[in-house]
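Before any comments, here is the structure.
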Amino acid sequence: MPAHILAFKRLSAKSFGKTKGMTVLRADLDAIDIKILRELQRDGRMTNVELAERVGISAPPCLRRVRKLEEAGIIEGYHALLNGPKLGFDLVAFCMVGLKRQSDADLKSFAKRVEAWPIVREAWMVSGDSDFLLRCTAENLTVFQNFVIEQLTADEHVDTVRTMLTIRQVKQLGLVEV
């Protein structure tokens, strides 16, 4: 699978290319765009006027830039960060899943199955000893154990499952450094 790189170069946001086996997305971002992205990762709920003040431009061009970043797919969406424990979801765990076979059909089939499991909040196809890394959130250990036993390990494609229970989260940032 090719590695994905975000290169901040003065090129069209629509241009894609290959560099030594790597897919490169080239985005037309200047210093103001990067400031906008940083601020929105910190607080995606602020008003356009507040965002404009933080990045040092007036509101109308700020709104145009944000819309351009959205249309280019650089900003994919906005969401609220919820406090899991306050909502009764006290357990976060990671599962490293190895499949019996790594054929394209089996990988796609398992990925499709993962979409149906609400306990799985994020899923990554990975290289190395495992094929998938799943981040799971559950109300408690019993709910998580039942999921692992009754659904995850019972899946026809699954060969191995290694679980890791978290103790506490020590860092949480936006998805990329801009």
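Residue numbering for the sequence shown follows this note's numbering, starting at 65 and increasing by one per position.
Ideal placement from N, C-alpha and C gives every residue a C-beta, glycine not left out.
| Item | Value |
| --- | --- |
| The beta strand (DSSP E) enclosing Thr206, as first and last residue numbers | Segment Leu205 to Phe211 is the alpha helix (DSSP H) holding Thr206; no beta strand (DSSP E) there. |
| C-beta contact flag for Leu229 and Leu155 at 9 Å | yes |
| Beta-bridge partners of Glu179, as assigned by DSSP | None, per the DSSP bridge assignment. |
| From Phe174, Leu216, Asp223 and Val184, residue whose alpha carbon lies closest to that of Asp193 | Asp223 |
| Classification of Ile231 by the beta-carbon crowding that lies within 10 angstroms, buried from 16 upward | exposed |
| Residue environment, Thr111, which counts as buried when at least 16 other CB atoms sit within 10 Å | exposed |
| Segment contact flag, the stretch 94-101 with the stretch 117-126, C-beta cutoff 8 Å, min 3 pairs | yes |
| With 16 other Cβ atoms within 10 Å as the buried cut-off, status of Thr201 | buried |
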